[in-house]
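Student: Let me begin by handing over the structure; questions about it come next.
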Amino acid sequence: MQPFLTLVRRELGSSYVSLIGYVIIAGVQFLMGLGFFILLRALESKPFDKPVIETFFTSELFWIVMLLAPSITTMRTYAQEKFTGTYETLMTSPVSDWQVVLAKFTGALLFFMSALLPALMYPFLLKRFSVDLTLVDTGALAGTCLGVFLISAFYIALGCFASALTRSQIIAAMNSLVLTLGLFLLSCLTEVIPPKLGWQSAAFAHLSMINHMKDFTRGIVDTRQVIFYLSMTVLFLFLTHKVVESRRWK
Numbered sequence: 000m001q002p003f004l005t006l007v008r009r010e011l012g013s014s015y016v017s018l019i020g021y022v023i024i025a026g027v028q029f030l031m032g033l034g035f036f037i038l039l040r041a042l043e044s045k046p047f048d049k050p051v052i053e054t055f056f057t058s059e060l061f062w063i064v065m066l067l068a069p070s071i072t073t074m075r076t077y078a079q080e081k082f083t084g085t086y087e088t089l090m091t092s093p094v095s096d097w098q099v100v101l102a103k104f105t106g107a108l109l110f111f112m113s114a115l116l117p118a119l120m121y122p123f124l125l126k127r128f129s130v131d132l133t134l135v136d137t138g139a140l141a142g143t144c145l146g147v148f149l150i151s152a153f154y155i156a157l158g159c160f161a162s163a164l165t166r167s168q169i170i171a172a173m174n175s176l177v178l179t180l181g182l183f184l185l186s187c188l189t190e191v192i193p194p195k196l197g198w199q200s201a202a203f204a205h206l207s208m209i210n211h212m213k214d215f216t217r218g219i220v221d222t223r224q225v226i227f228y229l230s231m232t233v234l235f236l237f238l239t240h241k242v243v244e245s246r247r248w249k
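Last residue of the sequence shown: 249 in numbering that gives the first Met the number 0, with the numbers rising by one and none dropped.
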């Protein structure tokens, strides 16, 4: 356990002292803050036809953050180590491959969630200072936090896998972005595929992250969705481990 915690602290430390780390935090705060400002201005003019939390956490700005930020956060996890030559030192140290994989994943996920934390507090502030006590539902807040965490874990695991495949941070970020964007576009297909197609339409709806997030923001926690994100996270961590394991013996 001690080597794992040491590696996690190492990952977090390198993220918080790097320029790209501050760029990620500033970018996330700007986009999410802009989205919250737009939400407040809209509330002043007219009532919403759907819950406030759903409006905020399914907006275009939210998905831009969720698509871009994890790719940039994870691009350095393995690629930078290989480029600077510290990867060989890490892999010859007395730690297992799984400890390295899980520590890098945990460090990247904690950093990304810390960048998102202020945005997750916006609905709490709205609930605290709003005269309408029914404006923000507590159950919906809890579901939203769970949904954001699960999707973040999935994207971070995918980004770590992309970074493990190359020594270039730019290529790692591009590969991760292509994968995350491709999966997100599959979610968008549910908006254009007619329900009359039967099982095809149902399959795309089941994989739709947009629909999943809508459910989470309404306080609906479907165990199938939870299992889906946990399974995808474990899958990409397993693939990352296989890449790391193969490079150790080269």
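Just so you know, even glycine gets a beta-carbon here, dropped at the ideal spot from N, CA and C.
Starting from the C-beta of R166, find all residues in its chain whose C-beta is less than 6 angstroms away, skip the five residues before and the five after it, and write them out in chain order.
Tutor: A78, K81, F82
Student: In terms of residues, what are the limits of the alpha helix (DSSP H) holding L38?
Tutor: Per DSSP, L38 belongs to the alpha helix (DSSP H) from 18 to 44.
Student: Over what stretch of residues does the alpha helix (DSSP H) that includes L66 continue unbroken?
Tutor: 59 to 73
Student: Quick one: Cα of L109 to Cα of V243, how far?
Tutor: 21 angstroms
Student: Under DSSP, the alpha helix (DSSP H) around V51 begins and ends at which residues?
Tutor: 51 to 56
Student: Determine the DSSP secondary structure at I219, reduced to helix, strand or coil.
Tutor: In the three-state DSSP reduction, I219 falls in the coil class, being neither helix nor strand.
Student: Pick from V135, D214, M120: whose alpha carbon is nearest that of K126?
Tutor: V135
Student: Taking the C-alpha atoms as reference points, what is the distance between F36 and F215?
Tutor: 22 angstroms
Student: Which residues in the same chain have their Cβ closer than 6 angstroms to the Cβ of M271, if we skip the five residues on either side of it in sequence?
Tutor: Residue 271 cannot be examined here, being either before or after the span of the chain that is shown, 0 to 249.
Student: With a cut-off of 8 angstroms, do at least 3 Cβ pairs link the segment 151 to 162 to the segment 65 to 77?
Tutor: Between the segment 151 to 162 and the segment 65 to 77, the count of Cβ pairs shorter than 8 angstroms is three or higher; the stretches touch.
Student: According to DSSP, simplified to helix, strand and coil, what is D96?
Tutor: helix
Student: Taking one C-beta from the segment 135 to 155 and one from the segment 204 to 224 each time, how about it: are there three or more such pairs within less than 8 angstroms?
Tutor: yes
Student: Do you know offhand how far T54's Cα is from L30's?
Tutor: 15 angstroms
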